[in-house]
Each structure stands twice: as C-alpha cells, then as structure tokens.
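Remarks on the structure that follows.
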Amino acid sequence: MSVLFISDLHLEAERPDITRAFLHFLRSRASQAEALYILGDFFEAWIGDDGMDGFQHSIARALREVADGGTRIYLMHGNRDFLIGKAFCREAGCTLLRDPSVIALNGEKVLLMHGDSLCTLDAGYMKLRRWLRNPVSLFILRNLPLSKRRQLARKLRKESRAQTRMKASEIVDVTPEEVLKVMRQHGVRTLIHGHTHRPAVHELQLDGQRARRIVLGDWDRQGWALQADANGLEQAPFGLDAEPSDH
Numbered sequence: 001m002s003v004l005f006i007s008d009l010h011l012e013a014e015r016p017d018i019t020r021a022f023l024h025f026l027r028s029r030a031s032q033a034e035a036l037y038i039l040g041d042f043f044e045a046w047i048g049d050d051g052m053d054g055f056q057h058s059i060a061r062a063l064r065e066v067a068d069g070g071t072r073i074y075l076m077h078g079n080r081d082f083l084i085g086k087a088f089c090r091e092a093g094c095t096l097l098r099d100p101s102v103i104a105l106n107g108e109k110v111l112l113m114h115g116d117s118l119c120t121l122d123a124g125y126m127k128l129r130r131w132l133r134n135p136v137s138l139f140i141l142r143n144l145p146l147s148k149r150r151q152l153a154r155k156l157r158k159e160s161r162a163q164t165r166m167k168a169s170e171i172v173d174v175t176p177e178e179v180l181k182v183m184r185q186h187g188v189r190t191l192i193h194g195h196t197h198r199p200a201v202h203e204l205q206l207d208g209q210r211a212r213r214i215v216l217g218d219w220d221r222q223g224w225a226l227q228a229d230a231n232g233l234e235q236a237p238f239g240l241d242a243e244p245s246d247h
C-alpha cells in the first residue's frame, strides 16, 4: 500500500476548485492508501476550533470518512493554520503531528516538517513565528473574542502577502545550512517539507553521505502529491479542473 504526502492546499470556501480536487483526491487515492500526511497550511486561515464554519466542518467530515475506512491521517501545523487543535482532529479522525517529526518510511527514517522554520534568513518572519508559537501567546490568542481573531488573521494574511512580494527569493526560501543542521540533529538523510511552494527534489551531501530534500508542491494552479510505495518516492502534479486519475 502507498503513503501519501501533501501540503499547502490553503483550503478556503473562495477556492471551490481546490476543494473539489481535494475531495476527489480523498475518495480516489487517500481512501486506498495506508496513510495520508498533510504537512501544514491545509487551510488558508484558522482562527481556532471554536470558530469553525460550515465549510471547515465539511472538510472534517470528509477526512473522517476516509479515516473510518482505514486510512491513517496525520496533520501538521503550518504558518497559516497553527491554531488547529484537538477538537478539529477528533472530528476529522486525524492525529496532530509535531513539527518536526521523524517517521519510518520503507525502512528509512524520514524527517517531516512544514518548512517555515527552515527559512532562517527571513529575520522578521522568524521573530513573528517565535512570538505566535509561544505558549503564552497561544493562550492569549485562543482566548480572544472570535471577532478579534478574525481581524488579526486578515491583518496577518495581508501583511504576509505584501512582505513576501517585497523580499528576495532566497530570503523566503530555506537556508541550506539550516537544512543540513536539522537533518543532522535528527539522524536522517531524507527530509520532506512544504511551505516554499517550490516543488523539487534536492540532492544533498550530508557528512559525506548522499541525502535529499523533497519539497512538496502547493495547490493553486494544480495539485501535488508525493507517493511512497514499494517503488520508492514520486511526486506528480495533477489538474484541479479535471478529476485527477488514480496513481
């Protein structure tokens, strides 16, 4: 059986094409897989489990249907949806993964991350990330009125888009030295992450050994999924308008 990895769908009601493609992906591929890993930015924004709307509940129900069919589903926080909590995971039948996490895949230890913590040259973002992920800050955010959280989410999204357009491409990409450092810390030679929206396989040298960094694609103009099976690892895109065929 296969194991699937996706990230950066940025699901929102305003993008029904992505939602339709994802629901078909669940029915056609994820339902046949041993496990599905969603490595962050699953939703475009998340203000807290207590603020779930009808759209988000519908996604949870779709995940639960696949989970009840026997597929293990794992979800990792991204920079857009780090407030996803236990209530959503219970409803969706998925397990919340820490970032980073190490799993066994085809007999190899593999490191999974969202990827934003690897972008250490982006000093402004890293400072904001440290503040937002601080337990005290998280407590404050979760206890703000929903209206305030919605307002803050809109503000952060607007600022993030503006700043990303202004920053040099190497600043918003991962820092190569940080990649090697994190892989060395976890004793792995394969890293899978999302966040940068630059799908690729990067061949690396880590302490004299071959290593690789696999970047998952974002779902915007097309969808992306990385599949692990007996033949190895393969990432491929598919159209959002036409229903993607089974892999």
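Take 1 as the starting number for the sequence shown in UniProt numbering and just add one per residue.
Glycine included, every Cβ here is placed at the ideal spot set by N, Cα and C.
In this chain, H77 is not harboured by any beta strand (DSSP E), its DSSP state being neither H nor E.
Between H193 and G115, the C-beta spacing is below 8 Å. Boundaries for H197: no alpha helix (DSSP H) harbours it, and the DSSP string shows neither H nor E there.
Partner residues in the beta bridge of Y37, as assigned by DSSP, are F5 and Y74. Proximity to K148 across I47, R15, M1 and L39 peaks at I47, based on C-alpha coordinates. Proximity to S7 across M1, E44 and D17 peaks at E44, based on C-alpha coordinates.
The beta carbon of S101 lies closer than 6 Å to those of L112 in the same chain, with the five residues before and after it left out. Check the Cα spacing between R72 and each of F42, S2, R15 and D50: the tightest is with S2. Between the alpha carbons of A236 and L146 lies a distance of about 38 Å.
Cβ neighbours of A200 within its own chain (closer than 6 Å, five residues either side excluded): V215. The segment 103-110 makes no contact with the segment 170-180, as fewer than three CB pairs between them are under 8 Å. When the five nearest sequence neighbours on each side are left out, the beta carbons in the same chain lying within less than 8 Å of the beta carbon of R221 are those of L240, in order along the chain. Scanning the segment 96-164 from its first residue to its last, the whole beta strand (DSSP E) runs of 3-plus residues come out as 101-105 and 108-113.
When the beta-carbon positions are compared, D41 and G85 stay at least 8 Å from each other. Contact between R212 and L204 holds: their C-beta atoms lie close to 6 Å from each other, under 8 Å. Note that the segment 3-22 touches the segment 221-231; at least 3 beta-carbon pairs, one per stretch, sit closer than 8 Å. In the displayed model, L26 falls within a helix according to three-state DSSP. In its chain, beyond the 5 residues on either side, G115, C119, V172, D173, V174 and V215 have a beta carbon closer than 8 Å to the beta carbon of T196. Non-local beta-carbon contacts of A13 in its own chain, meaning distances under 7 Å to residues more than five positions away in sequence, involve F55 in chain order. Using a 10 angstroms sphere on the CB of V136, the tally of other CB atoms stays under 16, which defines it as exposed. With respect to the 8 Å criterion, G223 and A60 are not classified as neighbours on the basis of their beta carbons. As the crow flies, the alpha-carbon of L152 is around 13 Å from that of G51. Per DSSP, reduced to three states, the secondary structure at R221 is coil, with no helix or strand assignment.
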